[in-house]
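All residue numbers for the sequence shown refer to the UniProt record's numbering, where the first residue is 1 and numbers rise by one. For each residue, glycine too, the CB sits at the ideal point set by N, CA and C. Keep in mind it's a predicted model, so treat the numbers as computed, not measured.
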Amino acid sequence: MAPSKNSTVITSTSLNYAGEPSVSCSQPENGFLNSISLLSSEKAVQELLQQSSVQSTDDHLMEFADAMRTVAKALRRAAEGKASAQAEAAEWKRKYELERAHNLHLEHKGYNFYEKLQSSWIPSSLCNAMGMIGFMLPCVFFLEIFKQRGREVSEEQSSKETNSIGERTENLASQSNEQSEQCCGMNGICSHEVLRDDESCSDSKVFPNKFTRKASFKLSWWCNGDDSDQHKHDIVSFERGNITTAERSSKQIALKWESQPQTVIILTKPNSISVRILCAEMVRWLREQKKLNIYVEPRVRAELLTESSIFNFVHTWKDESEIMLLHTKVDLVITLGGDGTVLWAASMFKGPVPPVVPFSLGSLGFMTPFHSERYRDYLDLILKGPFNITLRHRLQCHVIREAAKNEYETEGPMLVLNEVTIDRGISSYLTNLECYCDNSFVTSVQGDGLILSTTSGSTAYSLAAGGSMVHPQVPGILFTPICPHSLSFRPLILPEHVTLRVQVPFNSRSHAWASFDGKDRKRLAPGDALVCSMAPWPVPTACQVDSTSDFLNSIHDGLHWNLRKTQSFDGPREA
Numbered sequence: 001m002a003p004s005k006n007s008t009v010i011t012s013t014s015l016n017y018a019g020e021p022s023v024s025c026s027q028p029e030n031g032f033l034n035s036i037s038l039l040s041s042e043k044a045v046q047e048l049l050q051q052s053s054v055q056s057t058d059d060h061l062m063e064f065a066d067a068m069r070t071v072a073k074a075l076r077r078a079a080e081g082k083a084s085a086q087a088e089a090a091e092w093k094r095k096y097e098l099e100r101a102h103n104l105h106l107e108h109k110g111y112n113f114y115e116k117l118q119s120s121w122i123p124s125s126l127c128n129a130m131g132m133i134g135f136m137l138p139c140v141f142f143l144e145i146f147k148q149r150g151r152e153v154s155e156e157q158s159s160k161e162t163n164s165i166g167e168r169t170e171n172l173a174s175q176s177n178e179q180s181e182q183c184c185g186m187n188g189i190c191s192h193e194v195l196r197d198d199e200s201c202s203d204s205k206v207f208p209n210k211f212t213r214k215a216s217f218k219l220s221w222w223c224n225g226d227d228s229d230q231h232k233h234d235i236v237s238f239e240r241g242n243i244t245t246a247e248r249s250s251k252q253i254a255l256k257w258e259s260q261p262q263t264v265i266i267l268t269k270p271n272s273i274s275v276r277i278l279c280a281e282m283v284r285w286l287r288e289q290k291k292l293n294i295y296v297e298p299r300v301r302a303e304l305l306t307e308s309s310i311f312n313f314v315h316t317w318k319d320e321s322e323i324m325l326l327h328t329k330v331d332l333v334i335t336l337g338g339d340g341t342v343l344w345a346a347s348m349f350k351g352p353v354p355p356v357v358p359f360s361l362g363s364l365g366f367m368t369p370f371h372s373e374r375y376r377d378y379l380d381l382i383l384k385g386p387f388n389i390t391l392r393h394r395l396q397c398h399v400i401r402e403a404a405k406n407e408y409e410t411e412g413p414m415l416v417l418n419e420v421t422i423d424r425g426i427s428s429y430l431t432n433l434e435c436y437c438d439n440s441f442v443t444s445v446q447g448d449g450l451i452l453s454t455t456s457g458s459t460a461y462s463l464a465a466g467g468s469m470v471h472p473q474v475p476g477i478l479f480t481p482i483c484p485h486s487l488s489f490r491p492l493i494l495p496e497h498v499t500l501r502v503q504v505p506f507n508s509r510s511h512a513w514a515s516f517d518g519k520d521r522k523r524l525a526p527g528d529a530l531v532c533s534m535a536p537w538p539v540p541t542a543c544q545v546d547s548t549s550d551f552l553n554s555i556h557d558g559l560h561w562n563l564r565k566t567q568s569f570d571g572p573r574e575a
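Below is the structure:
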C-alpha cells in the first residue's frame with residue numbers, strides 16, 4: 001500500500017549559525033514515520049557528518065585572532081595619532097599667537113593691510129579661512145611679479161657695487177676679529193658671554209652689592225702645547241663630498257681667572273663635628289690669608305658665632321629672594337661633604353652656577369675628588385688658576401596637570417643634577433606610564449617605575465636599576481626602567497637635545513609619584529604628565545686631574561669596579 005500524502009517525510013538541508021550543514025525533518029500529521037523515509041534520513045545525516053570538518057572551526061578562530069590583531073594595531077595607531085595631533089595642535093596654536101602678536105604690532109605702526117587680514121581671520125570658521133586663502137593668493141601672485149622685476153633691476157646695480165662692498169666687509173671683519181681677540185683670545189669663551197644674567201642689572205637696586213665686582217674668567221679647550229691641533233673649534237667639514245669632524249664635542253675644558261676671585265660660599269654637611277671643625281678652620285684661613293669675602297648658610301653662621309665672636313665677618317642670606325641673587329655675587333662654591341652636599345649646592349642655584357670645588361667628607365663620593373687634608377694646597381691652585389673643570393649637565397622638569405588649559409600652565413621648573421624618578425609609591429599595582437620622545441611614542445612602562453638620569457647620575461639610582469655607567473662629559477639622558485615586567489625592556493641612552501614626556505594614562509589603576517634628586521615628591525594623577533629636557537645651566541665642578549681621570553678613580557675607589565684577584569702565573573700554559 002502506498003504511503004499517504006500526510007505520511008510523507010520532507011527532508012531539507014540548511015546551514016546553522018556556524019556555517020555547518022544541518023538536516024531538518026518535518027514529521028507527518030499522524031506522528032508516525034515510514035521505515036523507508038527513516039532509513040533515507042539516517043543516510044543523509046551520516047553523509048553530512050562525514051562532510052563537516054573541525055578544520056572549519058579552526059579557520060574561523062584564526063580569522064578572529066587576525067581581526068583582533070588588526071584592531072590592536074589600529075588602537076595603537078590611534079593613540080600615536082592622538083599624541084601627534086595634540087602636539088601639532090599646540091604648535092599651531094603657538095604659531096597663531098605669535099602671528100597675532102606680530103600683526104598687532106604692525107597694526108600699531110599703521111599697516112592697514114595686516115588689519116584687514118586679522119579682521120578676515122576667525123580660527124573657528126573654516127569658511128573664513130578659505131576666504132583668507134582666496135584673498136592672499138592674488139596678493140602673493142602680484143608680489144612675486146614685483147620681486148622678479150626688482151631682481152632684474154637690482155642685478156645691474158649689484159654688479160657695480162660688488163667691489164666696494166667687498167672691501168668694506170673685509171675691513172669690518174678685521175676690526176671685529178681684533179676686538180674678539182682682545183676680549184677672549186683665539187679659542188676662549190668669556191664668562192660674561194656664558195654666565196650672563198639679564199636680571200642682575202634690574203635687581204641691583206633692590207639688593208646692592210657690598211663687595212667689588214664679580215670675578216671674570218675664560219673657558220678654553222685644553223691642549224698640549226701651542227703646536228697641538230686641539231685648539232681648533234668643533235667643525236664639520238664637507239671636503240670633496242666626505243664628512244669629517246675636526247674635533248670631538250666633549251673635550252676637556254679649563255677655567256682661567258681673568259680677575260682675582262673676591263667672594264666664596266662654603267656649604268657643609270649638617271650634623272657632623274669633623275665638618276664643623278674643618279669649616280671654622282677653612283673660614284679663618286680664607287679670610288686671613290686670601291682676604292676673601294665669605295658666605296655661609298644661616299645655620300653655619302650661628303654655629304660659628306657660638307664658637308667665637310671673631311666670625312662676625314661671615315655673611316649669610318635671609319630669604320629666598322637673596323638666594324636667587326647669589327650667583328651675581330659669588331665667584332666660587334666650596335662644599336664640605338659627599339655627593340649629597342654637591343646636589344644641595346646645585347639646587348640652590350636655579351640659573352647659572354659658579355664653579356664648585358667639592359671636598360670629600362662623606363660616605364661615598366663620585367663627584368668629590370678633593371681630599372680635605374690638603375685643602376690649602378688645592379685652594380691655592382684653584383684661586384690662582386687655570387684648572388680643569390667638568391660641566392655636569394642638569395635636567396629641567398615641568399609637571400603639566402590634566403586640568404591645565406594649555407601646555408604653558410605648568411608646575412616648575414625643577415632642576416636635577418642626578419635623576420628624576422617616577423615610581424608607584426606605596427601602591428601595590430604596577431606603574432603604567434606612556435613615554436614620548438619629541439612627540440614620538442617610545443614605549444609603555446609597566447613595572448615599578450622609570451628613571452630619567454643625567455650622565456652624572458649614571459652612578460646613582462640608575463646604576464642600581466641596571467643602567468650603564470657613563471662619563472659625565474658625554475651629553476645624553478639615560479632612560480632606565482625600574483623592575484620592568486618584561487624581559488626585553490633594556491635601558492636607553494638618548495641624545496641631550498630631545499624632550500621627554502612621561503604621562504600617566506587615564507586607564508592606570510593607581511597614581512604615580514615623581515621625585516627630583518630624591519626630594520620634592522609630587523603626585524601624578526591619571527592625565528598628568530612630566531616633561532624633561534636638558535637645562536641650559538650646567539654645574540661646573542673642579543677636577544683634581546681631569547674629567548676622565550677623576551671619573552675612573554671614582555668608580556675604582558667607590559665601587560671597586562672590576563676588582564678581582566689576578567690569575568696565577570704558574571698554572572697550565574698553552575703549548
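Supposed contact pair residue j and residue i - C-beta distance, whole angstroms, cut 8 Å
{"i": "Leu304", "j": "Val283", "result": "7 Å"}
{"i": "Tyr295", "j": "His315", "result": "5 Å"}
{"i": "Asp331", "j": "Pro386", "result": "Between Pro386 and Asp331 the Cβ distance is about 15 Å, and since that is not below 8 Å, they are no contact."}
{"i": "Val399", "j": "Phe516", "result": "Actually they do not touch by this definition, with Cβ atoms about 10 Å apart."}
{"i": "Glu297", "j": "Leu267", "result": "7 Å"}
{"i": "Pro484", "j": "Gln446", "result": "7 Å"}
{"i": "Met534", "j": "Leu379", "result": "Not confirmed; about 31 Å, so no contact."}
{"i": "Cys279", "j": "Val300", "result": "6 Å"}
Where the alpha helix (DSSP H) through residue i begins and ends
{"i": "Ile273", "result": "273-288"}
{"i": "Tyr375", "result": "375-384"}
{"i": "Ala464", "result": "461-464"}
{"i": "Ala345", "result": "339-348"}
{"i": "Ile555", "result": "547-559"}
{"i": "Ile426", "result": "Counting along the chain, Ile426 falls outside any alpha helix (DSSP H), and DSSP gives it neither H nor E."}
{"i": "Ser321", "result": "320-323"}
Straight-line Cα distance separating residue j from residue i
{"i": "Ile273", "j": "Leu361", "result": "11 Å"}
{"i": "Ser453", "j": "Pro538", "result": "14 Å"}
{"i": "Gln473", "j": "Thr455", "result": "8 Å"}
{"i": "Phe479", "j": "Leu500", "result": "10 Å"}
{"i": "Gly558", "j": "Gly476", "result": "23 Å"}
{"i": "Leu492", "j": "Leu98", "result": "36 Å"}
{"i": "Ala464", "j": "Ser458", "result": "9 Å"}
{"i": "Ile277", "j": "Asn507", "result": "55 Å"}
{"i": "Phe366", "j": "Ala575", "result": "45 Å"}
{"i": "Arg573", "j": "Lys565", "result": "18 Å"}
{"i": "Gln86", "j": "Ala101", "result": "23 Å"}
{"i": "Ala89", "j": "Pro354", "result": "40 Å"}
{"i": "Lys350", "j": "Ala65", "result": "54 Å"}
{"i": "Arg213", "j": "Cys397", "result": "33 Å"}
{"i": "Ala74", "j": "Glu407", "result": "27 Å"}
{"i": "Glu288", "j": "Pro540", "result": "27 Å"}
{"i": "Ala83", "j": "Lys251", "result": "38 Å"}
Sheet register partners of residue i (DSSP bridge)
{"i": "Val356", "result": "Val333, Thr541"}
{"i": "Tyr295", "result": "Ile265, His315"}
{"i": "His371", "result": "Ser360"}
{"i": "Glu411", "result": "Val399"}
{"i": "Asn432", "result": "Gln446"}
{"i": "Leu494", "result": "Ile477"}
{"i": "Met534", "result": "Leu395"}
{"i": "residue 580", "result": "Past the edges of the chain, shown from 1 to 575, lies residue 580, and the structure says nothing about it."}
{"i": "Thr454", "result": "Ile477"}
{"i": "Pro484", "result": "Gly447"}
{"i": "Phe64", "result": "None, per the DSSP bridge assignment."}
Close Cβ partners of residue i (< 7 Å) along its chain, the five nearest in sequence each way excluded
{"i": "Ser259", "result": "Ala215, Ser216"}
{"i": "Val502", "result": "Ile422, Leu433, Cys435, Leu450, Ala529, Leu530"}
{"i": "Ile382", "result": "Val357, Ala542"}
{"i": "Ala345", "result": "Leu267, Val333, Thr335, Val356"}
{"i": "Ile323", "result": "Trp317, Met348"}
Neighbourhood of residue i by C-beta distance below 8 Å, restricted to the same chain and skipping five residues each side
{"i": "Lys269", "result": "Val275, Leu336, Gly337, Gly338, Gly340, Thr341, Leu361, Gly362"}
{"i": "Cys543", "result": "Pro369, Phe387, Asn388, Ile389, Thr390, Ser549, Asp550"}
{"i": "Leu524", "result": "Val399, Ile422, Val504, His511, Ala512, Trp513, Ala514, Leu530"}
Nonlocal neighbours in the same chain, by C-beta distance under 6 Å from residue i, ignoring five residues either side
{"i": "Ala460", "result": "Asn418"}
{"i": "Arg509", "result": "Tyr429"}
{"i": "Ser427", "result": "Ser510"}
{"i": "Phe441", "result": "Glu80"}
{"i": "His471", "result": "Phe551"}
Start and end residues, beta strand (DSSP E) containing residue i
{"i": "Asn418", "result": "Run containing Asn418: none; DSSP gives neither H nor E here."}
{"i": "Ser515", "result": "512-516"}
{"i": "Arg521", "result": "519-524"}
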